[in-house]
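Asker: Mapping of the sequence shown onto the UniProt record's numbering: residues 1 to 166, in sequence order. All C-beta atoms, glycine included, are put in the ideal place defined by N, C-alpha and C. Predicted, not measured: the structure shown is a model, and the values here were computed from it.
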Amino acid sequence: MKQRMHPLILALFLVIGVIGSGPSVAFTLEEFQFETEAEFHAFRGLIEKLRCLVCQNESLASSQAGVAQDLREEVYRMKQEGMSEREIVTFLVDRYGDFVLYEPPLKASTLILWFGPFIFLGFAGYILFRTLGRKTEQPEEDLSEAERARLQRLLAAGGTTDNQDK
Numbered sequence: 001m002k003q004r005m006h007p008l009i010l011a012l013f014l015v016i017g018v019i020g021s022g023p024s025v026a027f028t029l030e031e032f033q034f035e036t037e038a039e040f041h042a043f044r045g046l047i048e049k050l051r052c053l054v055c056q057n058e059s060l061a062s063s064q065a066g067v068a069q070d071l072r073e074e075v076y077r078m079k080q081e082g083m084s085e086r087e088i089v090t091f092l093v094d095r096y097g098d099f100v101l102y103e104p105p106l107k108a109s110t111l112i113l114w115f116g117p118f119i120f121l122g123f124a125g126y127i128l129f130r131t132l133g134r135k136t137e138q139p140e141e142d143l144s145e146a147e148r149a150r151l152q153r154l155l156a157a158g159g160t161t162d163n164q165d166k
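1. Between which two residues does the alpha helix (DSSP H) harbouring F118 extend?
2. To which residues of the same chain is A26 closer than 6 Å at the C-beta, ignoring the five residues directly before and after it?
3. Would you mind reading off the limits of the alpha helix (DSSP H) that contains R72?
4. Less than 7 Å separating the beta-carbons of E85 and L46?
5. Tell whether a beta-carbon distance below 7 Å holds between F43 and K79.
6. Do P105 and L113 have their CB atoms nearer than 7 Å?
7. Note down the Cα distance separating G125 from R134, rounded to an integer number of angstroms.
8. Would you give the residue range spanned by the alpha helix (DSSP H) that Y96 belongs to?
9. Could you tell me the alpha carbon to alpha carbon distance between D70 and S62, rounded to whole angstroms?
10. On the premise that F32 lies in contact with Y76, defined as a C-beta separation below 8 Å, what is that separation, rounded to the nearest angstrom?
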């Protein structure tokens, strides 16, 4: 029983670790001062729409990287100066490209990002349909006269074989 408990306990800790390791905000927004709750939520929403430039698929809101902290401070400064969300996003896109956005705009250079998965799924479905839809029947071959005569003898004899037919 002890040998089984150890892997079970290890698996339990692994599951707890995976569940507990969801995205978390390591910094607090308390360092940023807002006059109203609406300003706080607008700032929070904006930094969640922006991607950290050095992290793998993390928003500015959840990233702990130094660059993310600098960008959060820059966004906060621009908000305090009265810039609109659109102006801030335009500034960041001009400076860092569409990569800074979690949802890149629909334009010629991003068409593959938006429609590539659907094209791939359609192509894969077509290939699957063609592969599974094909009948794998073997063409029937006609029996020779000798094979027909042997078949008739076997059927007449009740399915037993005799060695002289070979």
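Answerer: The relevant details are as follows:
1. Annotation: the continuous alpha helix (DSSP H) that includes F118 extends over 111–133.
2. In this prediction, A26 has a pLDDT of 47, which is less than 50 and means its spatial position is unreliable; what the coordinates show is noted afterwards. Around A26: Q64.
3. Here the alpha helix (DSSP H) through R72 covers 66–80.
4. Going by C-beta atoms, E85 is nearer than 7 Å to L46.
5. Yes. Within cutoff.
6. Not closer than 7 Å, so no.
7. Answer to the nearest angstrom: the Cα atoms are 14 Å apart.
8. For Y96, the enclosing alpha helix (DSSP H) covers residues 85–96.
9. Their Cα atoms are separated by approximately 13 Å.
10. Yes, Y76 and F32 are in contact; Cβ-Cβ is about 5 Å, under 8 Å.
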